[in-house]
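*Asks:*
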Amino acid sequence: MVKKQGPCCHCRVMSSPLWRHGPPEKPVLCNACGTRWRKKATLDNYTPAPQVQRKQPKKEPGCRIVKKQPSSHHNL
Ligand SMILES: [Zn+2]
Numbered sequence: 879m880v881k882k883q884g885p886c887c888h889c890r891v892m893s894s895p896l897w898r899h900g901p902p903e904k905p906v907l908c909n910a911c912g913t914r915w916r917k918k919a920t921l922d923n924y925t926p927a928p929q930v931q932r933k934q935p936k937k938e939p940g941c942r943i944v945k946k947q948p949s950s951h952h953n954l
């Protein structure tokens with residue numbers, strides 16, 4: 879299951895109705911940027927309609943790998 883998701887590599891928008899392919903350096907584009915990229919083949923100086931974006935540190939649920947540690951109970 880491959881689901882394209884943001885953030886957009888160009889405008890950093892986190893949600894878009896549709897994620898699009900972009901240039902190799904920006905493989906994931908939002909709908910607006912992707913459309914622009916397809917039409918103009920450039921994203922220079924392009925900023926989609928401003929979105930409300932709060933500046934906050936990246937908070938992503940980290941991958942929690944729970945290792946089963948060998949039990950320290952020894953039957954002697
Ligand atoms: Zn974008």
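Counting from 879, one number per residue, gives the positions in the sequence shown under this note's numbering.
Yeah, the Cβ is synthetic: ideal placement off N, Cα and C, and Gly gets one too.
Which residues in the same chain have their Cβ closer than 7 Å to the Cβ of residue 887, if we skip the five residues on either side of it in sequence?
*Replies:* Your numbering for residue 887 matches position 9 in the sequence shown. Cβ contact annotation for residue 887 (same chain, cutoff 7 Å, sequence separation greater than five): 900, 904, 905, 906, 907, in chain order.
*Asks:* Are residue 916 and residue 890 touching if we call contact CB-CB under 9 Å?
*Replies:* In the sequence shown, counting from the first residue as 1, residue 916 sits at position 38. In the sequence shown, counting from the first residue as 1, residue 890 sits at position 12. The answer is no: Cβ separation not under 9 Å.
*Asks:* Does ligand 1 have a heavy atom nearer than 8 Å to the CB of residue 944?
*Replies:* Residue numbering aside, residue 944 sits at position 66 when the sequence shown is read from its first letter. No.
*Asks:* Does the Cβ-Cβ distance between residue 892 and residue 885 come in under 9 Å?
*Replies:* Along the sequence shown, read from residue 1 onward, the residue named residue 892 stands at position 14. Along the sequence shown, read from residue 1 onward, the residue named residue 885 stands at position 7. Against a cut-off of 9 Å, the Cβ pair of residue 885 and residue 892 comes out as a contact.
*Asks:* Can you pull the DSSP bridge partners for residue 898?
*Replies:* Residue numbering aside, residue 898 sits at position 20 when the sequence shown is read from its first letter. Note: residue 898 sits in a beta bridge opposite 907.
*Asks:* From residue 942 to residue 918, what does the alpha carbon distance come to, in whole angstroms?
*Replies:* Counted from its first residue, the sequence shown places residue 942 at position 64. Counted from its first residue, the sequence shown places residue 918 at position 40. Between residue 942 and residue 918, the C-alpha separation is close to 42 Å.
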